[in-house]
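Just so you know, we're using the numbering used here here: the sequence shown kicks off at 101 and counts up by one.
Each residue gets a CB set at the ideal place from its N, CA and C atoms; glycine is no exception.
Computed from a predicted model, the values in this text were never measured in an experiment.
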Amino acid sequence: MKKIFLLIIFINLISASPVHAQEYKTSMGLRAGLPVGLTIRHFMNREYAVEGILATRWGGFVLTGFLEREYPLRDYPGFYWYWGGGIHAGIWETGYNPRLETDHKGPVFGIDGIVGLEYSFDYLPLNLSVDLLPSFNLLGSTGWGGINGAVSVRYVF
């Protein structure tokens, strides 16, 4: 079954028609960094996208949603930079961390920002992005949540 799945993915990658940057509507993939998880991004029009991140953190999970504005880097075809804002909600289960002197247990809710750089391949249905996410927790472990960052690899469809 695993070989069949890999063969289907390989055939899709080889037979893919050219996908030019931001002509796609939706992309979905993996996010490595802080937070680590799954990401899905959908363009509402050529400039605005919504992004959702389902991430694991502190023994629990957090769902984050963003509204993002994207701009092309004119001198670098395929590259775009973006910024936006959103909210996160989830539950942490780790408990007290003596090294950080914080308690990460229970529900969490807050506001987030995002700034990033994205590259979409011309002849592969993939894109890569790197971003920074400043956050502020309003409920749970309240206060400044830090600036997290990650690299995402998404399949474009």
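Once you ignore the five residues that flank residue i on each side, which residues in its own chain have a CB closer than 7 Å to its CB?
{"i": "Leu-134", "result": "Asn-248, Gly-249 and Ala-250"}
{"i": "His-142", "result": "Lys-125, Thr-126, Ala-149 and Val-150"}
{"i": "Ala-132", "result": "Ala-250 and Val-251"}
With a threshold of 6 Å on Cβ separation, who are the neighbours of residue i within its own chain once the five nearest residues in sequence on each side are excluded?
{"i": "His-188", "result": "Val-162, Thr-164, Gly-210 and Asp-212"}
{"i": "Ile-47", "result": "The structure shown does not extend to residue 47, since the chain is modelled only from 101 through 257, so no value can be given for it."}
{"i": "Tyr-124", "result": "Val-256"}
{"i": "Ala-171", "result": "For the record, residue 171 in the displayed sequence is Tyr; it is not Ala. Closer than 6 Å at the Cβ level, and outside the excluded window around Tyr-171, lie Trp-181."}
{"i": "Leu-232", "result": "Val-215, Ile-247 and Gly-249"}
{"i": "Leu-154", "result": "Gly-137, Leu-138 and Leu-163"}
{"i": "Pro-234", "result": "Gly-213 and Ile-247"}
What number of angstroms, rounded off, separates the C-alpha of residue i from the C-alpha of residue j?
{"i": "Asn-145", "j": "Leu-239", "result": "33 Å"}
{"i": "Gly-178", "j": "Gly-152", "result": "22 Å"}
{"i": "Phe-236", "j": "Ile-214", "result": "12 Å"}
{"i": "Ser-252", "j": "Pro-225", "result": "14 Å"}
{"i": "Glu-218", "j": "Trp-181", "result": "6 Å"}
{"i": "Ala-121", "j": "Val-208", "result": "Per-residue confidence for Ala-121 stands at a pLDDT of 45, beneath the threshold of 50, marking its modelled position as unreliable; the derived number appears in the next sentence. Approximately 35 Å between the Cα atoms of the pair."}
{"i": "Val-256", "j": "Tyr-223", "result": "11 Å"}
{"i": "Tyr-176", "j": "Lys-205", "result": "44 Å"}
{"i": "Arg-254", "j": "Gly-243", "result": "31 Å"}
Check whether the Cβ atoms of residue i and residue j lie closer than 8 Å to each other.
{"i": "Gly-245", "j": "Ser-229", "result": "no"}
{"i": "Leu-173", "j": "Tyr-148", "result": "no"}
{"i": "Gly-185", "j": "Thr-156", "result": "no"}
According to DSSP, which residues form a beta bridge with residue i?
{"i": "Asp-231", "result": "Gly-216 and Ala-250"}
{"i": "Gly-185", "result": "Leu-167 and Gly-213"}
{"i": "Tyr-180", "result": "Pro-172 and Glu-218"}
{"i": "Phe-257", "result": "Partner(s): none; Phe-257 has no beta bridge."}
{"i": "Asn-52", "result": "No answer is possible for residue 52: the residues shown for the chain start at 101 and end at 257."}
{"i": "Glu-193", "result": "Lys-205"}
{"i": "Arg-157", "result": "Gly-160"}
{"i": "Arg-131", "result": "Gly-137 and Ser-252"}
Discussion item. Does the contact criterion of 3 or more C-beta pairs under 8 Å hold for the stretch 182 to 196 versus the stretch 149 to 163?
Written reply: yes
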